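Undergrad:
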Amino acid sequence: MLVVIALAVLVSIGCALTRAYLGPTLFDRLLAVNAVGSLTVLLIALLGFIVGRPEFIDIAIVYSLLNYIGVVAVLQFFESGRFGASRRGSEEEKP
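Position 18, counted from 1, in the sequence shown is what the numbering used here calls 18; the numbers after and before it change by one each time, with no gaps.
#1: Quick check on this structure: which residue in A35, V62, V72 has the alpha carbon closest to the alpha carbon of A16?
#2: Quick check on DSSP: helix, strand or coil for R53?
#3: Rounded to whole angstroms, what is the Cα-Cα separation between A32 and R19?
#4: Going by DSSP in three states, T25 sits in which element: helix, strand or coil?
#5: Specify the secondary structure class of R82 as computed by DSSP and reduced to three states.
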């Protein structure tokens, strides 16, 4: 049963990767990549449960935090044009 669920998650990752490749806009692609990251976290946790290694849950939590920080960083980059810029600072510096 768990193997079937893992295969369903892999199929979902494949569908999300297809959307990331075909997405007409940047935000469609970003949303698809975020979905791939979330499904990967689910797959890591599921594989940890299947093989009986609870340490995989810790790895999944760290990966989900990295996924979140990465998406926020990419959105910040596309909003301001550079990394590390605050909203207030970037508005004042624009010519």
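Ideal placement from N, C-alpha and C gives every residue a C-beta, glycine not left out.
None of the values given here were measured: they were computed from a predicted structure.
TA: Based on what the coordinates show:
#1: Counted from its first residue, the sequence shown places residue 16 at position 16. The shortest C-alpha separation from A16 is found at A35.
#2: Along the sequence shown, one-based indexing puts residue 53 at 53. Correct three-state label for R53: coil.
#3: Your numbering for residue 32 matches position 32 in the sequence shown. Your numbering for residue 19 matches position 19 in the sequence shown. Roughly 6 Å separates the two Cα atoms.
#4: If you number the sequence shown from 1, residue 25 lands on position 25. For T25, the secondary structure class from DSSP, reduced to helix, strand or coil, is coil.
#5: On the sequence shown, residue 82 is found 82 positions in, with the first residue counted as 1. Three-state DSSP puts R82 in coil, outside helix and strand.
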